[in-house]
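Quick note: the sequence shown, position 57, residue 78 per this note's numbering, numbers continuous.
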Amino acid sequence: MIPLAKVLEILGKVPERYRALVLLGTFTSLRWGELAGLRRPNLDLDEGVVRVVSELAELDGGKLMEDTPKSRAGRRVVSIPEEIIPELRHHLDQFAEPGENGRVFIGPKGAWLRRSGLPPDLEHGSRGCGAP
């Protein structure tokens, strides 16, 4: 588990658009594909839960494919700590894909996030703090 001080250090180094990604990934233990595939209807901030019903997978050759989790256990409801909900609301207002079914996390130009490489600024922020 990553220490809270390390998470705060990473948050101080990554661009604002990736703060919610770091927080949600850290405090819900969602996998990369689950975060990259998360859509607005599956993030219920009023109830404080995320419904994991899909994931984004990168196939050989770089093609992205949306799919359901591989196992029944992968489809689940995960609680979100109330302390990070304001940051998630801000993220949805400022950075998420528009539309009621839009992706929660997208790149600065609107592209889907890829597993093959973190956005350069995010990777730099986490590695610069000595995180794995």
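By construction, the Cβ of each residue, glycine as well, lies at the ideal position given by its N, Cα and C atoms.
Backbone CA spacing between residue i and residue j [nearest angstrom]
i: residue 65; j: residue 73; result: 11 Å
i: residue 29; j: residue 123; result: 28 Å
i: residue 146; j: residue 36; result: Because residue 146 sits at a pLDDT of 46, beneath the cut-off of 50, its placement in the model cannot be relied upon, and the following sentence gives the value as read from the coordinates. Distance between the alpha carbons of residue 146 and residue 36: 8 Å.
i: residue 52; j: residue 69; result: 18 Å
i: residue 80; j: residue 86; result: 7 Å
i: residue 100; j: residue 83; result: 32 Å
Rounded distance between the beta-carbons of residue j and residue i, thought under 8 Å
i: residue 178; j: residue 38; result: This structure gives no information on residue 178, because the portion of the chain shown stretches from 22 to 153.
i: residue 105; j: residue 25; result: 12 Å between Cβ atoms; not a contact.
Whether residue i touches residue j by CB criterion (9 Å)
i: residue 95; j: residue 78; result: no
i: residue 113; j: residue 42; result: no
Cross-strand partners of residue i (DSSP beta bridge)
i: residue 65; result: 70
i: residue 99; result: 71
Three-state secondary structure assigned by DSSP to residue i
i: residue 26; result: helix
i: residue 134; result: coil
i: residue 81; result: coil
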